[in-house]
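Comments concern the structure below.
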Amino acid sequence: MAVIMVTGGAGFLGSHICERLLDRGDEVICVDNFFTGRKANIAHLLSHPRFELIRHDIVHPLFVEADQIYNMACPASPPHYQYNAIKTIKTSTVGMVNMLGLAKRCRARILQASTSEVYGDPEVHPQPEEYWGHVNPLGARSCYDEGKRVAESLCM
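Residues 25 to 180 (the numbering used here) are what the sequence shown spells out, left to right.
Here it is, written out as C-alpha cells:
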C-alpha cells in the first residue's frame, strides 16, 4: 500500500483520483485550499480509514511523508483563474517548487498535471509532444498557460 498525496484533491479530477486510489488500496492524503475545490466532491471519502484531508495552499511548504505526489492543484476554469491571476500563477510555479522539494525530501515520485493550454492556440492539430505551440504570453489566459509551462520546465 502506497501513501499518495493528491494536491487539488477536492477538485473535479483530483477527487476522482482520490476515489480510484482508495479503491485500489492506497492511503490517500488529499490536500486542497478550497479556492476552486469543493468539500462536496470528497464528502463521501471523509470517513474512509485510509483517507486524510489537509486544508492547505501549496504555495506554502507542506511537511508530510508520501511515496507519490499527484500535483493536480491549480484553478483550471477561466472565470476562476482570471478572477485571481496571481494566485493561479503562484499555485503552478511556487506550488510546483514546493512539491518538488517535498518529493526530493521524501524520495517520492511526482506526477504533474498539465494541460493542452501550454500550446496556446495551436496551428497544428493534434499537437505532437515536440510541438512548441503558438502562445500569447500577455493574454487574459496567460496566467494559467504560462504557469503550467513553468511547472513543466521545473519538472525537467
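Glycine included, C-beta positions come from ideal geometry on N, C-alpha and C. Treat the numbers as computed from the prediction; the structure is a model and nothing was measured.
Let's see if you can read the secondary structure: which residues bound the beta strand (DSSP E) around V55?
Unbroken beta strand (DSSP E) run through V55: 51-56.
May I ask you to report which of helix, strand or coil DSSP gives R48?
In the structure shown, R48 adopts coil according to DSSP, grouped into three states.
Hey, how far is the Cα of H158 from the Cα of Y143?
About 6 Å.
Ordered list of beta strand (DSSP E) runs contained in the stretch 38-121, each at least 3 residues:
Listed in chain order, they are 51-56, 75-79, 92-95.
Just to check, is the beta-carbon of T139 closer than 7 Å to a non-hydrogen atom of the ligand ZN?
Inclusion of the ligand ZN in the displayed structure is not the case, the ligand content being empty and no account of it being possible.
Pick helix, strand or coil for G144, following the three-state DSSP scheme.
When secondary structure is reduced to three states using DSSP, G144 falls in the strand class.
Would you grab the beta carbon distance between K114 and V148 for me? Rounded to a whole angstrom, and I think it's under 8 Å.
The Cβ separation is near 31 Å, so there is no contact.
For the beta strand (DSSP E) that contains V30, what are its first and last residues?
27-31 is the extent of the beta strand (DSSP E) around V30.
When we look at the beta-carbon of F87 and count the other beta-carbons within 10 Å, is it buried (16 or more) or exposed?
For F87, the number of other beta carbons within 10 angstroms of its own is below 16, and it is reported as exposed.
So if DSSP puts R133 in a beta bridge, which residue, or which two residues, is it bridged to?
R133 pairs with Q92.
If contacts are defined as beta-carbon pairs under 8 Å, then L70 and L46 qualify, I think. What distance do you get, rounded to the angstrom?
Actually they do not touch by this definition, with Cβ atoms about 12 Å apart.
What are the boundary residues of the alpha helix (DSSP H) that E170 is part of?
Under the DSSP assignment, E170 falls in the alpha helix (DSSP H) whose first and last residues are 166-179.
Which residues in the same chain as D81 place their Cβ atom closer than 7 Å to its Cβ, once the five residues preceding and following it in sequence are excluded?
Excluding sequence neighbours, D81 sits near N57.
Should I93 and A127 be called a contact, given that it needs their Cβ atoms to be closer than 8 Å?
Yes, they are a contact pair.
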